[in-house]
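Asker: Below: one structure in structure tokens.
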Amino acid sequence: MCLDNYFKILENIKLLSNAAKRKLLIDISILINVSNNKETTELICPHCKNKYIVKNGKNKETQRYLCKTCKKSFVKST
């Protein structure tokens with residue numbers, strides 16, 4: 001990306017409402033997590049059926065996940 005485009009994007013972000021900025025942060029976070037963790041695309045939230053999932057620590061040796069949409073936590077078996 002050229003530096004001019006980068007600064008134009010930053011200027012446009014400044015014009016967004018706080019709610020739109022929060023949504024943008026969530027979307028960017030999802031993109032980063034999906035690219036860093038191929039397993040995320042296979043998981044679906046059992047509560048809201050959305051696919052925007054990130055790892056959320058471990059309970060003993062069981063991996064916990066967090067839905068970025070409904071903010072609920074779950075394990076893979078639920």
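Heads up, the sequence shown is in this note's numbering, so the first residue is 1 and it goes up one at a time. Yeah, the Cβ is synthetic: ideal placement off N, Cα and C, and Gly gets one too. This structure is a prediction, so every number in the text was calculated from the model and none was measured.
1) For a quick check, are the C-beta atoms of Y65 and K55 less than 8 Å apart?
2) The alpha helix (DSSP H) with K15 in it runs from where to where?
3) For I44 and F7, what's the separation of their Cα atoms in angstroms?
4) Cα separation between I23 and K60?
5) DSSP on I99, reduced to helix/strand/coil?
6) Pull up the distance between the alpha-carbon of K72 and that of N5, whole angstroms please.
7) Assuming I30 and Y52 form a contact by the criterion Cβ under 8 Å, report the distance between their Cβ atoms to the nearest whole angstrom.
Answerer: Quick answer:
1) Along the sequence shown, one-based indexing puts residue 65 at 65. Along the sequence shown, one-based indexing puts residue 55 at 55. Yes.
2) By 1-based counting over the sequence shown, the position of residue 15 is 15. Inspection of the sequence shows that residue 15 is occupied by Leu rather than by Lys. Start and end: 3 to 15.
3) Stepping through the sequence shown from its first residue, residue 44 is reached at position 44. Stepping through the sequence shown from its first residue, residue 7 is reached at position 7. For I44 and F7, the distance between alpha carbons rounds to 36 Å.
4) The count along the sequence shown starts at 1 and reaches residue 23 at position 23. The count along the sequence shown starts at 1 and reaches residue 60 at position 60. Checking the sequence shown, residue 23 turns out to be Lys, not Ile. If you draw a straight line from the Cα of K23 to the Cα of K60, it comes to about 32 Å.
5) As displayed, the chain neither begins before 1 nor continues past 78, which places residue 99 out of reach and without an answer.
6) By 1-based counting over the sequence shown, the position of residue 72 is 72. By 1-based counting over the sequence shown, the position of residue 5 is 5. Spanning the two alpha carbons is a distance of roughly 36 Å.
7) Walking along the sequence shown from the start, residue 30 turns up at place 30. Walking along the sequence shown from the start, residue 52 turns up at place 52. Yes, I30 and Y52 are in contact; Cβ-Cβ is about 5 Å, under 8 Å.
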